[in-house]
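Numbers given in the working numbering equal positions in the sequence shown, counted from 1, plus 141. Ideal Cβ positions, reconstructed from N, Cα and C, are used throughout, including at glycine.
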Amino acid sequence: MKKYTRRTFSTVLGRGLGGATLLSGLPMAYAMGGEGQEKKSLGVALVGLGGYSTYQLAPALQETRYCHLAGIVTGTAAKEHTWAQKYGIPEAHIYNYENFDSIAGDDAIDIVYVVLPNSMHAEYGIRAARAGKHVICEKPMAISVAECEAIMAACEAAGVKLAVGYRLHSEPYTREVKRIVKEKTFGEVRYVSADAAYISGGNPDQWRLDIKLSGGGALMNMGVYSIQSLIYGCGKNPISVRAQEFSTRPEYFRQTDETITAQFEFPGGTVGQMMTSHNANANRLYASCDEGWFELQPANNYGPLHGRTSLGPLQFPHERQQKLQMDDFASHILFGTPNRAPGEMGKRDMIIVEAIYRSVAEGSSKIALDLGDMGLV
Ligand code: NAD
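Shown next, in the form of structure tokens:
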């Protein structure tokens, strides 16, 4: 185990990982803009111009170095004009859901980023792969394991890369947690706990509350963050889960789960528990280890995240997570750097989601999981 004093801990982290994060693991000459280097940037098309594309992804794509906003796919004619004006997108790179497949002939588009309601991820991810484009699927990757496998198979067949929109794997506090766990800075993680929740209000007909479009409630939406946190919080995949569902506003959550808790066993005796809800606010990862503890709170919002450990606080400069995420994926395509959130990670999480729903349906039965190292990056 590495020894840190309280004073050196955050300094070492701030210099070490912070710097590494900014360079995203790229070859130094390229990252530093060495002479004679070709400066490539991949074109990204956003499919679905809702809240996440509008307020996070498009602004982030103005800051990225290895990719840029090159096209849009929308079913709303008015948005075509607004986005074309705002981001200078030529008409030739604007698509709707009917003519989307003709994106295959558009050399300006290298990556298609699917930012639609969850149940549409599989269809558009598969169509994008068949068009020969690299694919990013927003989280959850799809609404069933079978759909995740179909997207992965389509990408494999087309020879294109696939990532899930798990932005936190490019985020410095999360990456530091992964490093702490890997290097056993505080010894073995014995207990890990993760909460991801917010209070849902407003339109009861929104797609997130419509089971056909969302595939599920809090668990599909925020629960994947809890599952992710638990796994990178101890560096292992779970071997079993038991889950419970709580409903207090059934008139509002007519079709989808409101609150779910679950308890996990991990190899080596590590124990975990999670909560996810559309009826409470929570945003935390905590891990107790043999020789200390660490915590992120908030752990999964757009940042800056906040981190503490038994040796002192974590401190990293803030950058837009989506910028880091998309540059990491573009670098993976361009330079072969690691894919920080590959398709099998999204599929693994959906296996766990399905196990949780099954446990709930069976009165909190214990469901065994046989995941091996699937999706551990
Ligand atoms: P949103 O409701 O703001 O936007 C959805 C978009 O899909 C809209 O442009 C809408 O017009 C379009 N759409 C097409 N067909 C539709 C249909 N049948 N019903 C409803 N909308 C339809 O949603 P959002 O918040 O942008 O979420 C989109 C995806 O992004 C979801 O999968 C969500 O989980 C994911 N997301 C991820 C993050 C993250 O931090 N990674 C954050 C927010 C959302």
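Is the beta carbon of residue i within less than 7 Å of some heavy atom of ligand 1?
{"i": "Ser194", "result": "yes"}
{"i": "Gly306", "result": "yes"}
{"i": "Asn237", "result": "no"}
{"i": "Met515", "result": "no"}
{"i": "Asn480", "result": "no"}
{"i": "Met261", "result": "yes"}
{"i": "Asn362", "result": "yes"}
{"i": "Gly189", "result": "yes"}
{"i": "Pro483", "result": "no"}
{"i": "Gly357", "result": "no"}
{"i": "Gly216", "result": "yes"}
{"i": "Pro258", "result": "yes"}
{"i": "Glu436", "result": "no"}
State the CB to CB distance for the pair residue i and residue j, rounded to an integer number of angstroms; the pair is presumed to be in contact (CB under 8 Å).
{"i": "Pro258", "j": "Val494", "result": "No, Pro258 and Val494 are not in contact; Cβ-Cβ is about 16 Å, not under 8 Å."}
{"i": "Val333", "j": "Leu371", "result": "5 Å"}
{"i": "Leu183", "j": "Glu312", "result": "Leu183 to Glu312, Cβ: 21 Å. No contact."}
{"i": "Val185", "j": "Tyr236", "result": "Going by Cβ atoms, the distance from Val185 to Tyr236 rounds to 13 Å, so no, they are not a contact pair."}
{"i": "Ala211", "j": "Met467", "result": "Contact doesn't hold; Cβ gap of about 12 Å is too wide."}
{"i": "Leu446", "j": "Leu437", "result": "6 Å"}
{"i": "Val382", "j": "Leu510", "result": "6 Å"}
{"i": "Ala359", "j": "Ala384", "result": "No, Ala359 and Ala384 are not in contact; Cβ-Cβ is about 12 Å, not under 8 Å."}
{"i": "Ile508", "j": "Arg499", "result": "6 Å"}
Pull the bridge partners of residue i from the DSSP assignment, please.
{"i": "Thr400", "result": "Phe387, Ser418"}
{"i": "Val382", "result": "Phe405, Ile508"}
{"i": "Val318", "result": "None, per the DSSP bridge assignment."}
{"i": "Glu436", "result": "Tyr427, Arg449"}
{"i": "Asp340", "result": "Correcting the residue identity first, residue 340 is Ile in this sequence and not Asp. In the DSSP output, where bridge partners are listed per residue, Ile340 has Asn420."}
{"i": "Gly328", "result": "Thr326"}
{"i": "Tyr254", "result": "Leu187, Ile277"}
{"i": "Gly212", "result": "Ala186"}
Assign residue i to buried or exposed, taking buried as 16 or more other Cβ atoms, counted over all protein chains shown, within 10 Å of its Cβ.
{"i": "Pro458", "result": "exposed"}
{"i": "Tyr196", "result": "exposed"}
{"i": "Met169", "result": "Because Met169 carries a pLDDT of 32, less than 50, the predicted location of this residue cannot be relied on, and the following value inherits that uncertainty. Classification of Met169: exposed, given that the 10 Å Cβ count is below 16."}
{"i": "Arg110", "result": "Nothing in the structure corresponds to residue 110, since the chain is present only between 142 and 518."}
{"i": "Thr326", "result": "buried"}
{"i": "Tyr387", "result": "Residue identity differs from the one stated: residue 387 is Phe in this sequence, not Tyr. When all chains shown are included, Phe387 counts as exposed."}
{"i": "Asp469", "result": "buried"}
{"i": "His222", "result": "exposed"}
{"i": "Glu297", "result": "exposed"}
{"i": "Ile340", "result": "exposed"}
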